[in-house]
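Working notes, structure below.
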Amino acid sequence: MTASAAAAPSGVAYVKTAAGLDFARVWSSIFSIAAEKPPKSILFVSPGPQQGASTLVAGSALTAAQANPDLRLGLLDCNFRAPAMERLFQIPASPGTVDALSGTTDPAELGYALGVHANLLVIPAGQVSADPLALLRREAMAGLVNALISRFDVLLVDTAPVNHYPDAQIIAPMFDAVVVVVDVGQAPREAVTKAKQIIQTTGANLLGTVLNRRRHPLPKILYSRV
């Protein structure tokens, strides 16, 4: 199956909104900090659930796709605990990441193209099994990541909350950079410190932290270097 057309998303505020401007700032900050060696793959994590990581990665991908029409962008859903990309982008749940890891779908056939942003392919999580850790630990995971990195100019990845599940610990070293997304109204300082420490113990490149102040009508996102 080749990348298919999907309806434009309605669940993410971007383009000509305060949130859209903040998504653009996050994107530019990432590549300003890593200017000497721009990352080709970026994993977004949060300390706990409902802190805006999935929305931020989706909005950043959309904003980048609009601003850089020649950039081949991939958005991979590796959040097997609470997949969000199918809902945010209104696309089928499968085929997706799980299907590729299970060997039922060729990685080259993954991805749904948005009609308004043909340079962005969104890969949903797929039909998640009862044992997501077993999937992430498969040798196929590294192969899938490498295949997608070679396919896209930049690959953005969403995964489960790092303080609650070991998923991010397993896959973080596979990516060029990791960004921690924090809702400052929910996550205490200790939780943020713990999330950073977990990522650092994996040897992954922890690039920085996004502070997501969700008490505002639209997320106010401030990117800060660790």
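Heads up: the sequence shown is residues 1 to 226, going by this note's numbering.
Idealized CB from N, CA, C, for every residue including glycine.
Exercise for the section: In the DSSP assignment, find the beta strand (DSSP E) that holds T159 and state where it starts and stops. Expected result: Where T159 is concerned, the enclosing beta strand (DSSP E) stretches over 154 to 159.
Problem - Unbroken beta strand (DSSP E) run spanning G74, endpoints - result: Per DSSP, G74 belongs to the beta strand (DSSP E) from 73 to 78.
Problem - Exposure label - A8; buried when at least 16 CB within 10 Å - result: Confidence at A8 is low in this model, with a pLDDT of 42, below 50, so the placement of that residue should be treated as unreliable; the coordinate-derived value is given next. A8 comes out exposed.
Handout entry: Contact check, I33 vs L207, beta carbons under 8 Å
Key = Result yes, Cβ atoms of I33 and L207 sit closer than 8 Å.
Practice task
For F44, write down the residues that DSSP places opposite it in a beta bridge.
Solution key: Listed as beta-bridge partners of F44 by DSSP are D158, V179.
Handout entry: Three-way DSSP call (helix, strand, coil) for K16 in this model
Key = Here the model assigns K16 a pLDDT of 36, short of 50, so the residue's position is not dependable, and the following value carries that caveat. Three-state DSSP puts K16 in coil, outside helix and strand.
Handout entry: Of the residues S41, E36, G48, the one placed nearest V181, counting alpha carbons only
Key = It is G48 whose Cα lies nearest to the Cα of V181.
Exercise for the section: Sort out for me which residues DSSP pairs V242 with in a bridge. Expected result: Absent from the model: residue 242. The displayed extent of the chain is 1 to 226, so no value can be given.
Practice task
Find the nearest neighbour of D131 within the set M174, N68, F80, G96, judged by alpha-carbon distance.
Solution key: Among M174, N68, F80, G96, the Cα nearest to that of D131 belongs to F80.
Practice task
Mind the definition here: the stretch 189 to 204 touches the stretch 58 to 67 only if three or more C-beta pairs lie below 8 Å; say whether that holds.
Solution key: Using a Cβ-Cβ distance cut-off of 8 Å, the stretch 189 to 204 and the stretch 58 to 67 are not in contact, since fewer than three pairs of beta carbons, one from each stretch, lie closer than that value.
Exercise for the section: Using three-state DSSP, classify R215 as helix, strand or coil. Expected result: Model confidence at R215 stands at a pLDDT of 48, short of 50, so the residue's coordinates are unreliable and nothing is read from them.
Handout entry: Closest Cα partner of P90 within the set A82, V122, L101
Key = Per the sequence shown, the amino acid found at residue 90 is Gln instead of Pro. Of the candidates A82, V122, L101, the one whose C-alpha sits nearest the C-alpha of Q90 is V122.
Practice task
Pull up the distance between the alpha-carbon of L43 and that of L73, whole angstroms please.
Solution key: Rounded to the nearest whole angstrom, the C-alpha separation of L43 and L73 is 14 Å.
Problem - Span of the alpha helix (DSSP H), counted from its first residue to its last, around A195 - result: Taken as a continuous stretch (DSSP letters only), the alpha helix (DSSP H) holding A195 covers 189 to 201.
Problem - Per-residue burial, N212 [other beta carbons within 10 Å of its own, 16 or more giving buried] - result: Buried is the label assigned to N212, since at least 16 other Cβ atoms lie within 10 Å of its Cβ.
Exercise for the section: Answer yes or no: does any C-beta atom of chain D fall closer than 8 Å to that of A140? Expected result: Of the chains in the structure shown, none is chain D; there is only one protein chain.
Handout entry: Residue(s) in a DSSP beta bridge with I123
Key = Beta-bridge partners assigned by DSSP to I123: L76.
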